[in-house]
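Take a look at the structure set out below.
Numbering (full-length UniProt numbering), first residue to last: 1 to 406.
Right, here's the structure in full:
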């Protein structure tokens, strides 16, 4: 197929100057840029955005009302005019459904716990929802590799078929539909073991969802598959490595992070058992011989040691026979090579907050083997030079510490 000059079918700066002037000083717009040295074909164009909107934020962090902050976030998202939006930490989801409907989006929401939800919004004039799947990470069976400290996190997957408006004037795609998933993995730090385990649940969910669609509906159904969201994992984190590497072998910092996480989980299990014994049982039971016979999780003979757990985790990840490609790692170096991390080609951050400034948000494509050579980057958010950001602290006042990637 001959290459042609790329032009967006749908603008990524969707508001007039008068509309832009209504938001106020808290809003900052980062322009979308074409990726250099790329060839563009006449295939359909797809834009995906992921955004952790961080609903449970505090007045100390943001001196304006929740309503005003949410309006600014909504303005930012719809101005970029993405075809699909993946959201994390969504509260008041009925209100968000109404807001996105004003701009032509359908939204499906999944609440894996009582605190916040994940959601996927898509343009109803471009896509038709064919099916969906909700995933509770804690329910995924992984043998010995279970959540030591359950976090009640989850993921949502949609299968979207193309409407004629999406294909109009473009070459027919080689696949029939899109599988798009969004996830919010457990927090950084001591949750590393559970977070890495949850990547198995993500791969398993994509596989099962696609298998069920082909089994129940069309045997020849083919999909473009994406997973986007807040993974709470930097490129050095074992969860990131589990997603992009196969086979995976955790070494160095990643292995130490996992071992530390296992030790912290075991310590917390032990403390929970002691607290329960103190309040529920007699002192003789607490300090007597019966204490040593209680099951303290990882310290029990029933469980292997920490190194064995890491090796078991590596084996399970190897069994998935899949790996994902981070679109930032593939495309961002073509926009600003100086602002990429050595080894991963990822940008340095997607989150700029008071206590955390790092890359934790990603859009992954999960292709078949034959798809790798066909992947073509399009364009990306323009981020300032990493050195300049640290020099003048540009984003401290005007930004909202929510995670966003597009």
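Cβ coordinates follow ideal geometry from the N, Cα and C atoms, glycine included. Keep in mind the model is a prediction, meaning the values are calculated, not measured.
{"Item": "Roughly how many angstroms lie between the CA atoms of residue 327 and residue 348, to the nearest whole one?", "Value": "14 Å"}
{"Item": "Return the first residue and the last residue of the alpha helix (DSSP H) that residue 212 is part of.", "Value": "192-216"}
{"Item": "Closest to residue 128 by C-alpha separation, out of 54, 111, 177, 169, would be which residue?", "Value": "177"}
{"Item": "Select from 13, 260, 179, 361 the residue whose C-alpha is nearest the C-alpha of residue 430.", "Value": "Because the chain is modelled from 1 through 406, residue 430 falls outside the range shown and cannot be assessed."}
{"Item": "Could you give the DSSP three-state label for residue 261: helix, strand or coil?", "Value": "helix"}
{"Item": "Expressed to the nearest angstrom, what Euclidean distance is found between the alpha-carbon atoms of residue 26 and residue 97?", "Value": "24 Å"}
{"Item": "Which whole-angstrom value is the C-beta distance of residue 185 and residue 195, which I expect to be below 8 Å?", "Value": "5 Å"}
{"Item": "Grab me the residues of residue 362's own chain with a C-beta within less than 6 Å of its C-beta, minus the 5 sequence neighbours each way, in chain order.", "Value": "231, 326"}
{"Item": "For residue 340, which beta-bridge partners are listed by DSSP?", "Value": "347"}
{"Item": "Hey, which unbroken runs of the alpha helix (DSSP H) at 4 residues or more fall wholly within the region 116-187?", "Value": "164-167"}
{"Item": "For residue 29, would you say it is in contact with chain D, using Cβ-to-Cβ distances shorter than 7 Å as the test?", "Value": "The structure shown contains no chain D, having only a single protein chain."}
{"Item": "Using only CA atoms, which one of 309, 217, 228, 223 lies nearest to residue 256?", "Value": "309"}
{"Item": "Put residue 71 into one of helix, strand or coil per three-state DSSP.", "Value": "helix"}
{"Item": "Locate the alpha helix (DSSP H) running through residue 331, then write down its first and last residues.", "Value": "327-331"}
{"Item": "Would you please state the rounded distance, in angstroms, between the beta carbons of residue 227 and residue 202? I believe it to be under 8 Å.", "Value": "6 Å"}
{"Item": "Here's the rule: buried if 16 or more other CB atoms are within 10 angstroms of the residue's CB, otherwise exposed. What is residue 329?", "Value": "buried"}
{"Item": "Roughly how many angstroms lie between the CA atoms of residue 40 and residue 63, to the nearest whole one?", "Value": "44 Å"}
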